[in-house]
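Since the structure comes first, as structure tokens, the remarks are kept for the end.
2 protein chains.
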Amino acid sequence: MGFDRLIEKIKETRNPSVVGLDPKLDYVPEFLIQEYMEEDGCSLYSAAKAIFAFNKAIIDEICDIVPAIKPQAAYYEMYGYNGMETLEKTIRYARLKGMFVITDGKRNDIGATMQAYTAAHLGSVQVGENAFSPFGADALTVNGYLGSDGITPLLEVCKEKDKGIFVLVKTSNPSSGELQDQLMDGVPLYARMGDLCEKWGADTIGKYGYSAVGAVVGATYPAQLRELRERLPHTFFLVPGYGAQGGGAEGVAAAFDKNGLGGIVNSSRAVMCAYQKEGCDPRDFAKAARREVLRMRDDITSHIDL
Amino acid sequence: MGFDRLIEKIKETRNPSVVGLDPKLDYVPEFLIQEYMEEDGCSLYSAAKAIFAFNKAIIDEICDIVPAIKPQAAYYEMYGYNGMETLEKTIRYARLKGMFVITDGKRNDIGATMQAYTAAHLGSVQVGENAFSPFGADALTVNGYLGSDGITPLLEVCKEKDKGIFVLVKTSNPSSGELQDQLMDGVPLYARMGDLCEKWGADTIGKYGYSAVGAVVGATYPAQLRELRERLPHTFFLVPGYGAQGGGAEGVAAAFDKNGLGGIVNSSRAVMCAYQKEGCDPRDFAKAARREVLRMRDDITSHIDL
Numbered sequence: 001m002g003f004d005r006l007i008e009k010i011k012e013t014r015n016p017s018v019v020g021l022d023p024k025l026d027y028v029p030e031f032l033i034q035e036y037m038e039e040d041g042c043s044l045y046s047a048a049k050a051i052f053a054f055n056k057a058i059i060d061e062i063c064d065i066v067p068a069i070k071p072q073a074a075y076y077e078m079y080g081y082n083g084m085e086t087l088e089k090t091i092r093y094a095r096l097k098g099m100f101v102i103t104d105g106k107r108n109d110i111g112a113t114m115q116a117y118t119a120a121h122l123g124s125v126q127v128g129e130n131a132f133s134p135f136g137a138d139a140l141t142v143n144g145y146l147g148s149d150g151i152t153p154l155l156e157v158c159k160e161k162d163k164g165i166f167v168l169v170k171t172s173n174p175s176s177g178e179l180q181d182q183l184m185d186g187v188p189l190y191a192r193m194g195d196l197c198e199k200w201g202a203d204t205i206g207k208y209g210y211s212a213v214g215a216v217v218g219a220t221y222p223a224q225l226r227e228l229r230e231r232l233p234h235t236f237f238l239v240p241g242y243g244a245q246g247g248g249a250e251g252v253a254a255a256f257d258k259n260g261l262g263g264i265v266n267s268s269r270a271v272m273c274a275y276q277k278e279g280c281d282p283r284d285f286a287k288a289a290r291r292e293v294l295r296m297r298d299d300i301t302s303h304i305d306l
Numbered sequence: 307m308g309f310d311r312l313i314e315k316i317k318e319t320r321n322p323s324v325v326g327l328d329p330k331l332d333y334v335p336e337f338l339i340q341e342y343m344e345e346d347g348c349s350l351y352s353a354a355k356a357i358f359a360f361n362k363a364i365i366d367e368i369c370d371i372v373p374a375i376k377p378q379a380a381y382y383e384m385y386g387y388n389g390m391e392t393l394e395k396t397i398r399y400a401r402l403k404g405m406f407v408i409t410d411g412k413r414n415d416i417g418a419t420m421q422a423y424t425a426a427h428l429g430s431v432q433v434g435e436n437a438f439s440p441f442g443a444d445a446l447t448v449n450g451y452l453g454s455d456g457i458t459p460l461l462e463v464c465k466e467k468d469k470g471i472f473v474l475v476k477t478s479n480p481s482s483g484e485l486q487d488q489l490m491d492g493v494p495l496y497a498r499m500g501d502l503c504e505k506w507g508a509d510t511i512g513k514y515g516y517s518a519v520g521a522v523v524g525a526t527y528p529a530q531l532r533e534l535r536e537r538l539p540h541t542f543f544l545v546p547g548y549g550a551q552g553g554g555a556e557g558v559a560a561a562f563d564k565n566g567l568g569g570i571v572n573s574s575r576a577v578m579c580a581y582q583k584e585g586c587d588p589r590d591f592a593k594a595a596r597r598e599v600l601r602m603r604d605d606i607t608s609h610i611d612l
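Protein chains in written order, with this note's numbering: chain U, 1 to 306; chain Y, 307 to 612.
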């Protein structure tokens, strides 16, 4: 219940971070791309296969030191249904290796349509006598602009199958304030959205005090991160924007409670492209990813008491 | 440019409506499901194949009398990557039959990630020497909660490839007011979002006066529909909520300008399940869909001057 499963993995690895697997083909080492292109030509099929090989090698290297991965759906959709097959395989493989998987899809809709997204990503689908879990992640990012009708279909499945969601509250991008910072009766939209997270999650609170309805709050806005941590005591935070987007470890420390819990910090490119930054042999890309995960873990945990 | 291609098809068919293809397996006639289950068992693969057969038959029957289809991504994702292949095939087939295709994905993200969604749904993806258009729709619905950083990556492709987007402004669901109706300096959030649509679309205005940045405005809120039609003179409206959700034809008339243009009204279940409502032979499901499309066209056009 709540994010207990994730929190336990965070405690086990002593690492409140998540690796974003957003595998643009540019991030995949050339030797790996060539291997698949030689076999199947320059196609979406071979791109998707190369990406799975890339993901799998990284997962193998990091699964014992990081609690979770966060595949970004856009980078799989980009390679069509072949890419979506790679998303499915990546999720399945990471879960097999004991990792918690957050699909970053920012999905949103209402009623029966939101039920369909829920079934796709967290729940199951009945076909005749058989049930399937198409993508089968542990958590999904969602957008709450449509109000409660867009969220309640998720809550049933969160309860029934011990899953979670992260609602976009204050995003990490430069223009996030255009709407999110505007005041409604003196309260910014992001805080209103945060208040709704507390409400939506109220009867899914787990043993660490956090509900199954988390919030996305960007590392690039440390003041708002701190404010929201105080305002939303039962809401677990997914924090993008560390590293590449400019958020530092001192800033992200604001996402955590006094026990060092309450948040998980994402890093994507810095891990996936660590081999490029290091300038090491591209064949060591997964080991370079591991080194970056450890560096990030030490950077973040030096600022919090976990 | 703008929504000229869509508007021309609307004028050609004298029909400002779009058929939502949201094919839950429950909507597909039993005989068709059986056909595919017998062949391939109860699997996501056979479900996806049955759904494609269902969609194709409906497209064949209605492509000469309706300008556009709107597949809802959730109902394809629900059947995993097999479902996504059916989405791709449905879009391709409808475009081959001359229809305008709006993928209802409500996608949203920022920067490079939004570029990936844009490439997936409207643009193209390079793999080695080859370029692919993975889903290749004409327009995509998007969610603007993240501000301009989430929208500008789409605008380039809209200009370059003559595509369009529809931003969620005032959605048709009962709880849409929870956030969307809240006032910011005396202006409701939905109107703010609408104003951003005018701004984002400013340099993509086509010959009928509408930009490539449309808005989703629900038929269930006719007063806001009227208000937004006046406020957003260059924004083309996609209007869900007609029929099943309770929006009537008099109400949706407010979406249109004095030339009967400026909007397109969606109907999904009433068309897909017309055979159930009629109680006709399920084998005539596509013909029943055609009858419902004609009924809807006459209902809407009796209230506007097209």
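Glycine is no exception: its CB is placed at the ideal position from the N, C-alpha and C atoms.
CB contact flag (Gly-218/U, Val-239/U, <8 Å): Position 218 of the first sequence, counted from the first residue, corresponds to residue 218/U. Position 239 of the first sequence, counted from the first residue, corresponds to residue 239/U. Yes. Within cutoff.
Neighbour flag for Val-523/Y against chain U, beta carbons, 8 Å: Numbered from 1 along the second sequence, position 217 holds the residue referred to as residue 523/Y. Not one chain U Cβ lies under 8 Å of Val-523/Y.
Endpoints, the beta strand (DSSP E) within which Ser-501/Y is located: What you label residue 501/Y is simply residue 195 of the second sequence in a count that begins at 1. At residue 501/Y the sequence reads Asp, which differs from the Ser that was named. For Asp-501/Y, no beta strand (DSSP E) encloses it; the enclosing alpha helix (DSSP H) starts and ends at 495-507.
Chain-ordered neighbours of Lys-412/Y on chain U, where CB pairs are closer than 8 Å: As a first step, residue 412/Y is located in the second sequence; it is residue number 106 there, counting from the start. In chain order: Arg-107, Asn-108, Asp-109 and Asn-143.
Boundaries (first-last residue) of the beta strand (DSSP E) holding Lys-412/Y: Numbered from its first residue, the second sequence carries residue 412/Y at position 106. 406-413 is the extent of the beta strand (DSSP E) around Lys-412/Y.
Top-ranked residue by Cα proximity to Ile-357/Y, from Tyr-581/Y, Tyr-385/Y and Pro-459/Y: Locating residue 357/Y in the second sequence gives position 51, counting from the first residue. Here the closest residue by C-alpha is Tyr-385/Y.
Simplified DSSP assignment, three categories, for Pro-67/U: As a first step, residue 67/U must be located in the first sequence, where it is residue number 67. In this structure, Pro-67/U counts as coil in the three-state DSSP scheme.
Run of the alpha helix (DSSP H) containing Lys-467/Y, from where it starts to where it stops: Here residue 467/Y refers to the residue found at position 161 when the second sequence is read from its first residue. Per DSSP, the unbroken alpha helix (DSSP H) holding Lys-467/Y starts and ends at 458-467.
Residue of Val-265/U, Val-213/U, Val-187/U and Ser-211/U minimising C-alpha distance to Glu-227/U: Indexing the first sequence from 1 puts residue 227/U at position 227. Selected option, being the one with the closest Cα: Val-187/U.
Minimum Cβ-Cβ distance from Phe-472/Y to chain U less than 8 Å: Residue 472/Y sits at position 166 when you count from the first residue of the second sequence. So, not an interface residue.
Contact the segment 569-589 of chain Y vs the segment 335-346 of chain Y: 3+ CB pairs below 8 Å: Flag = yes, the segment 569-589 of chain Y and the segment 335-346 of chain Y touch.
Contact set between the segment 66-96 of chain U and chain Y, restricted to residues whose Cβ is under 7 Å from the partner: When C-beta distances to chain Y are compared with 7 Å, the residues of the segment 66-96 of chain U below that value are Gln-72, Ala-74, Tyr-75, Glu-77, Met-78, Tyr-79, Gly-80, Tyr-81, Met-84, Glu-85 and Glu-88, in chain order.
Rounded straight-line distance, which links the Cα of Ile-457/Y to that of Thr-424/Y: Within the second sequence, residue 424/Y is the residue found at index 118, counting from 1. Within the second sequence, residue 457/Y is the residue found at index 151, counting from 1. If you take the alpha carbons of Thr-424/Y and Ile-457/Y, they lie about 10 Å apart.
Test: Cys-348/Y CB closer than 8 Å to a CB of chain U: Taking the second sequence and counting its residues from 1, the one referred to as residue 348/Y is at position 42. True, the Cβ-Cβ gap to chain U drops below 8 Å.
Chain-ordered chain Y contacts of Asp-149/U [CB-CB under 7 Å]: Translated into positions along the first sequence, residue 149/U becomes position 149. Around Asp-149/U, the beta-carbon contacts reaching into chain Y at under 7 Å are Asn-479, Pro-480 and Ser-481.
Range of the contiguous beta strand (DSSP E) that encloses Ala-131/U: Position 131 of the first sequence, counted from the start, is the residue given in the question as residue 131/U. Residues 130-132.
Interface positions of the segment 420-431 of chain Y facing chain U (Cβ-Cβ less than 8 Å), listed along the chain: The residues in question are Met-420, Ala-422, Tyr-423, Ala-425, Ala-426, His-427 and Val-431.
Any non-hydrogen atom of the ligand ATP closer than 7 Å to Ile-304/U Cβ: With respect to the ligand ATP, the structure offers nothing, as it holds no ligand at all.
Neighbour flag for Asn-565/Y against chain U, beta carbons, 8 Å: Start at 1 with the first residue of the second sequence, and residue 565/Y comes out as number 259. No, because no Cβ of chain U sits closer than 8 Å to the Cβ of Asn-565/Y.
Integer-rounded CB distance, given that Asp-310/Y should sit under 8 Å from Gly-512/Y: Here residue 512/Y refers to the residue found at position 206 of the second sequence. Here residue 310/Y refers to the residue found at position 4 of the second sequence. Sure, about 4 Å apart at Cβ, within 8 Å.
Residues from the segment 543-562 of chain Y in contact with chain U, defined by Cβ distance under 8 Å: So nothing in the stretch comes that close.
Element boundaries [alpha helix (DSSP H), containing Ile-91/U]: Here residue 91/U is taken as the residue at index 91 of the first sequence, counted from 1. From DSSP, the alpha helix (DSSP H) with Ile-91/U extends over 80-96.
Per-residue burial, Gly-389/Y [other beta carbons within 10 Å of its own, 16 or more giving buried]: Along the second sequence, one-based indexing puts residue 389/Y at 83. Burial state of Gly-389/Y is buried, judged by a 10 Å Cβ sphere holding 16 or more other Cβ atoms.
Partners in chain U for Gly-434/Y, counting only beta-carbon separations shorter than 7 Å: Residue numbering aside, residue 434/Y sits at position 128 when the second sequence is read from its first letter. The answer, in chain order, is Met-37 and Cys-42.
Range of the contiguous alpha helix (DSSP H) that encloses Val-577/Y: Here residue 577/Y refers to the residue found at position 271 when the second sequence is read from its first residue. Where Val-577/Y is concerned, the enclosing alpha helix (DSSP H) starts and stops at 575-578.
C-beta neighbour in chain U for Gln-488/Y, strict 8 Å: As a first step, residue 488/Y is located in the second sequence; it is residue number 182 there, counting from the start. Residue contact check for Gln-488/Y against chain U: a CB pair falls below 8 Å.
When Pro-539/Y, Lys-467/Y and Ser-478/Y are compared against Leu-502/Y, the one with the closest alpha-carbon: Numbered from 1 along the second sequence, position 196 holds the residue referred to as residue 502/Y. Selection Pro-539/Y, Lys-467/Y and Ser-478/Y evaluated against Leu-502/Y yields Pro-539/Y as nearest (Cα-Cα).
is_contact[Glu-462/Y, chain C] using C-beta, thresh 8 Å: In the structure shown, chain C cannot be found, because the protein chains are U and Y.
Candidates Glu-466/Y, Thr-396/Y and Leu-474/Y: closest to Cys-369/Y by CA position: Taking the first residue of the second sequence as 1, we reach residue 369/Y at position 63. If we check each option's Cα against that of Cys-369/Y, Thr-396/Y comes out closest.
Test: Met-578/Y CB closer than 8 Å to a CB of chain U: Here residue 578/Y refers to the residue found at position 272 of the second sequence. No, no contact with chain U.
8 Å contact criterion, which Ser-349/Y and Val-127/U should meet: CB distance rounded: Position 43 of the second sequence, counting from 1, holds the residue named residue 349/Y. Position 127 of the first sequence, counting from 1, holds the residue named residue 127/U. That pair is a contact at about 6 Å.
Three CB pairs or more closer than 8 Å across the segment 298-306 of chain U and the segment 242-259 of chain U: Contact check between the segment 298-306 of chain U and the segment 242-259 of chain U: three or more CB pairs, one atom from each, fall below 8 Å, which counts as touching.
Environment of Ala-191/U [buried if 16+ CB atoms lie within 10 Å]: Position 191 of the first sequence holds residue 191/U. Buried is the call here.
Met-193/U at chain Y interface by Cβ criterion, 8 Å: Against the first sequence, residue 193/U aligns to sequence position 193. So, interface residue.
Distance CB(Tyr-381/Y)-CB(Pro-329/Y) smaller than 8 Å: Here residue 381/Y corresponds to residue number 75 of the second sequence, with the count starting at 1. Here residue 329/Y corresponds to residue number 23 of the second sequence, with the count starting at 1. Taking the C-beta atoms as reference points, Pro-329/Y is found nearer than 8 Å to Tyr-381/Y.
Cutoff 8 Å: Ala-47/U Cβ touching any chain Y Cβ: The residue given as residue 47/U occupies position 47 in the first sequence. When Cβ-Cβ separations below 8 Å define contact, Ala-47/U makes contact with chain Y.
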